[in-house]
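Structure first, then comments.
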Amino acid sequence: MKLLFLILLFVNSNNVFSQRLKIRIYSENNIKSFVFAPSEGTYNLQCDTNIIVTLNKDEIINIVQNNDSFEIKSLKQSFGKFKSVQLIGKDNFNNFKIKCTNPNNSLRIYNDDLLLNLSNNSLLLINDVELDNYIAGVVECEGGPKANIEYFKTQAIICRTYALENLSRHITEGYYLCDNVHCQVYRGNSKNKDIYNAATLTSGLVIVDSTLRLINAAFHSNCGGQTISSEDVWLTNKSYLKSVKDSFCINKRNAKWEKTIPFETWKQYLQSNGFHLNNDTDIYNFEQTFRKTYYKINNDSIPLRKIRLDLSLKSTFFNVKVLNNNVILKGRGYGHAVGLCQEGAMEMAKLNYSYKDIIKFYYKNTFIVNLRTLEQFKVN
Ligand SMILES: [Zn+2]
Ligand SMILES: [Zn+2]
């Protein structure tokens, strides 16, 4: 039964079979023109099903959107206008440089192929990329460049699980995922050998729950010593996103924060949220030894997640103390605190815990499975 389900999962995601993803790049920009050049390997410029030219390393072409078509030129010649354009790598290992010229953007390097589409008269740049090349690029953006390889493996499995769970997010727009925080941040290939190795060494591994569904692999920077159950933040109850006490992150960079707010501002904020207040300043003091969900004064309360959002606080794990004419918020952690704590995971990796230990510590009752090796789907 379990195996059957996994086979269905595997076959349904036919893009997993091919191990390629279509990722929209520069999705925050309305690109009108850019230059392209192979960085490693050669590329065929395919326009409207014909191969127009083969580009060697550093041979530059300029592509400009002109109403409903693309105008393509090299330094020597004009190739004409086309409706459909693809830049397809011909070798085992291909990557290309791209620099947007309108609007201007810094140069980036991507693995594999580039497809151009038009949607509502705006240019879509789509990187048709091997799954693990994409994962390495995402880990570099989402995980930070300096850490132990076991941490990068953990982050690679999380980013792969997240990507495969969200493949249908942009499917009606002609691609799977965008390249900003809406999906996962992706700014091109990884230049870090450890990250690249972590992605390939964990190739195919994803996290599933006890019903063998891909998990919502939520993560955050630092939990401050205790993660939060998902239902206390997003109102969705997940068996694997349960609060855990975490001593690994408490001395790390994002473990503590402090914010001072004028007492009157704090009072007005609470009144605007329906609080009935008097002049006794003691009633404002509030302590969280363990995480709480609400800030309460007598019969009035407000969700801590609302305070965090309204006042742009780093976390909901804070104490409140009135001092003279101010309110001091002393906080712990950074982020929503659901799922894996990145700074805790980095510390665990440094202490020689394996990626399996780390994943099972933060995501309870989960399994790490290999989508490609179905008969050995459970990694112990
Ligand atoms: Zn997106
Ligand atoms: Zn933590």
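In the working numbering, the protein residues as written are 1209 to 1588. Quick reminder that beta carbons are idealized off the backbone N, C-alpha and C, glycines included.
C1431 Cβ short of 7 angstroms to ligand 2 heavy atom set: yes
Backbone secondary structure at I1536 - three-state DSSP: strand
Length at least 4, wholly inside the region 1308 to 1376: the alpha helix (DSSP H) runs in chain order: 1339 to 1351 and 1357 to 1373
For F1569 and M1554, the rounded distance between their alpha carbons: 13 angstroms
Counted within 10 angstroms of its Cβ, other Cβ atoms place Y1571 as buried (16 or more) or exposed: buried
Reduced DSSP category for T1262 - H, G, I as helix; E, B as strand; rest coil: strand
Residues bridged to Q1496 [DSSP beta-bridge criterion]: According to DSSP, Q1496 bridges with nothing at all.
Rounded Cβ spacing between N1302 and N1319 (contact assumed at less than 8 angstroms): 7 angstroms
Beta-carbon proximity of V1546 to H1428, cut-off 8 angstroms: yes
Whole-angstrom C-beta distance between K1240 and L1331, which should lie under 8 angstroms: 7 angstroms
K1522 beta carbon less than 8 angstroms from that of G1541: yes
Contiguous beta strand (DSSP E) assignments of at least 3 residues, all confined to the region 1501 to 1570: 1502 to 1505, 1508 to 1511, 1526 to 1531 and 1534 to 1540
Proximity below 8 angstroms, CB of Y1404 to CB of L1229: no
Spatial neighbours of D1391 in its chain, beta-carbon cut-off 7 angstroms, leaving aside the 5 residues before and after: Note that residue 1391 corresponds to Cys in the displayed sequence, not to Asp. These residues qualify, in order along the chain: N1374, R1377 and L1385.
Chain-order list of residues whose beta-carbon lies under 7 angstroms from that of F1471 (same chain, five-residue window excluded): V1530, N1533, N1534 and V1535
As assigned by DSSP and simplified to three states, the class of E1236: coil
Distance cut-off 7 angstroms: F1569 Cβ against heavy atoms of ligand 2: no
Rounded straight-line distance, which links the Cα of D1565 to that of D1440: 25 angstroms
Extent of the continuous beta strand (DSSP E) run through T1435: Counting along the chain, T1435 falls outside any beta strand (DSSP E), and DSSP gives it neither H nor E.
Beta-carbon contacts of S1418 that lie in its chain and below 6 angstroms, excluding the five residues immediately before and after: N1573
beta-carbon H1390 near ligand 1 non-hydrogen atom, thresh 7 angstroms: yes
Whole-angstrom C-beta distance between C1431 and D1454, which should lie under 8 angstroms: 5 angstroms
Unbroken beta strand (DSSP E) run spanning W1442, endpoints: Here W1442 belongs to no beta strand (DSSP E), and DSSP marks it neither H nor E.
heavy atom of ligand 2 below 7 angstroms from D1440 C-beta: no
Any non-hydrogen atom of ligand 1 within 7 angstroms of L1385 CB: yes
Cβ-heavy atom distance, R1513 to ligand 1, below 7 angstroms: no
R1377: CB within 7 angstroms of a non-hydrogen atom of ligand 1: yes
Same chain, Cβ closer than 6 angstroms to A1406, neighbours up to 5 away in sequence not counted: I1357, F1360, K1361 and A1364
Any non-hydrogen atom of ligand 3 closer than 7 angstroms to E1267 Cβ: Within the structure as shown, ligand 3 is missing, the only ligands being ligand 1 and ligand 2.
Where H1484 falls, given that 16 or more other Cβ within 10 Å makes a residue buried: exposed
Sheet register partners of W1465 (DSSP bridge): G1539
Delimiting residues of the alpha helix (DSSP H) encompassing L1409: K1401 to L1409
Opposing strand residues paired with L1253 [DSSP bridges]: V1261 and L1295
Pair within 8 angstroms by beta-carbon distance, F1304 and F1244: yes
Member of Y1477, S1286, N1325 and N1310 whose CA lies at the smallest distance from the CA of Q1294: N1325
Any non-hydrogen atom of ligand 2 within 7 angstroms of G1552 CB: yes
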